[in-house]
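Asks: Before we start, here is the structure in question, set down as structure tokens.
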Amino acid sequence: MFQFSIPIANPQESFEKAKKAIKDAGATLNGDSNAGSFSGSGVEGSYAFSGGNLNIKITKKPFIAPESMIKSKVSEFFS
3 MFQFSIPIAN PQESFEKAKK AIKDAGATLN GDSNAGSFSG SGVEGSYAFS GGNLNIKITK
63 KPFIAPESMI KSKVSEFFS
């Protein structure tokens with residue numbers, strides 16, 4: 003569907019924050035501080051930390067949800 007990247011200084015710290023935030027939101031996160039996948043509220047995707055960036059690939063989203071909203075929320079989880 004779509005992909006984007008965000009700069010991440012500390013992958014382990016970012017992953018721990020995302021793990022808690024995603025769980026608190028009632029969604030699922032599978033993986034570790036290198037790579038994994040997530041799903042919740044009709045959104046599914048994968049992530050991989052590489053070279054100071056978090057690369058995110060959204061593979062499924064609700065038709066009515068704009069990409070900008072999903073990008074904002076996912077970025078919030080990992081930032």
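Residues 3 to 81 in the numbering used here are what the sequence shown spells out, letter by letter. Note that CB positions come from ideal geometry on N, CA and C, so glycine has one too.
Taking the C-alpha atoms as reference points, what is the distance between Ser-77 and Ala-11?
Replies: Straight-line Cα distance between these residues: approximately 14 Å.
Asks: What did DSSP end up calling Ile-60 once you bin it into helix, strand or coil?
Replies: It is a strand residue.
Asks: Look at the alpha carbon of Gly-42 and the alpha carbon of Ala-20, and state the distance between them as a whole number of angstroms.
Replies: Rounded to the nearest angstrom, the two C-alpha atoms are 13 Å apart.
Asks: Would Ser-74 be called buried (16 or more neighbouring beta carbons within 10 Å of its own) or exposed?
Replies: Counting Cβ neighbours within 10 Å, Ser-74 comes out exposed, since fewer than 16 surround it.
Asks: Closest to Phe-65 by CA distance: which of Asn-55, Gly-44, Leu-56 is it?
Replies: Phe-65 has its Cα closest to that of Gly-44, out of Asn-55, Gly-44, Leu-56.
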